[in-house]
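Student:
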Amino acid sequence: MIISDIIMPTISGLDLLNMLKSFYFNKIPVILISSLDKQDVILSALSGGACDFVLKPIDFDKLAALVKKRLWLHASK
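Written as structure tokens, this is what we have:
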């Protein structure tokens, strides 16, 4: 599992998703985090392969529940 911010110093989270796809790592669950609550950013993340999107400020209980859910779903495949 990868948990990444969309905005990073050298690469964006959306670029990271594209890189993972190009190396056939698109089966790795990715949760993107951002303070950008624009619908087009969220849709780009989800259509780009992210399994979930979390807005800042992060609710860590909610994030932990998403991680558990995604790991369980990934393990049951």
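Numbering of the sequence shown is given in my numbering, commencing with residue 640 and proceeding in unit increments.
The beta carbon of each residue, even a glycine, is placed where N, CA and C say it ideally should be.
Source: prediction; values computed, not measured.
1. Mind checking Phe699: buried by the 16 CB within 10 Å criterion, or exposed?
2. Can you give me the start and stop residues for the alpha helix (DSSP H) that Ser661 sits inside?
3. Should Phe692 be labelled buried (16 or more other beta-carbon atoms within 10 Å of its own) or exposed?
4. At which residues does the alpha helix (DSSP H) containing Leu705 begin and terminate?
5. Taking the alpha carbon of Leu705 as the point to measure from, which residue in Ser715, Leu659, Cys690 and Ala714 has its own alpha carbon closest?
6. Determine which residues share a DSSP beta bridge with Phe692 and list them.
7. Are the CB atoms of Ile641 and Ile672 within a distance shorter than 8 Å?
Tutor: Straight from the coordinates:
1. The sequence position of residue 699 within the sequence shown is 60, counting from 1. Using a 10 angstroms sphere on the CB of Phe699, the tally of other CB atoms stays under 16, which defines it as exposed.
2. Your numbering for residue 661 matches position 22 in the sequence shown. Taken as a continuous stretch (DSSP letters only), the alpha helix (DSSP H) holding Ser661 covers Gly652 to Ser661.
3. Sequence index remark: in the sequence shown, residue 692 carries index 53 (1-based). Burial of Phe692 is indicated by the presence of at least 16 other C-beta atoms within 10 angstroms of its C-beta.
4. Here residue 705 refers to the residue found at position 66 when the sequence shown is read from its first residue. It spans Phe699 to Ala714 - the alpha helix (DSSP H) in which Leu705 sits, taken as one unbroken run.
5. Taking the sequence shown and counting its residues from 1, one reaches residue 705 at position 66. Of the candidates Ser715, Leu659, Cys690 and Ala714, the one whose C-alpha sits nearest the C-alpha of Leu705 is Cys690.
6. One-based indexing of the sequence shown puts residue 692 at position 53. Beta-bridge partners of Phe692 (DSSP): Leu671.
7. Looking up residue 672 in the sequence shown gives position 33. Looking up residue 641 in the sequence shown gives position 2. No, Cβ-Cβ distance for Ile672 and Ile641 is not below 8 Å.
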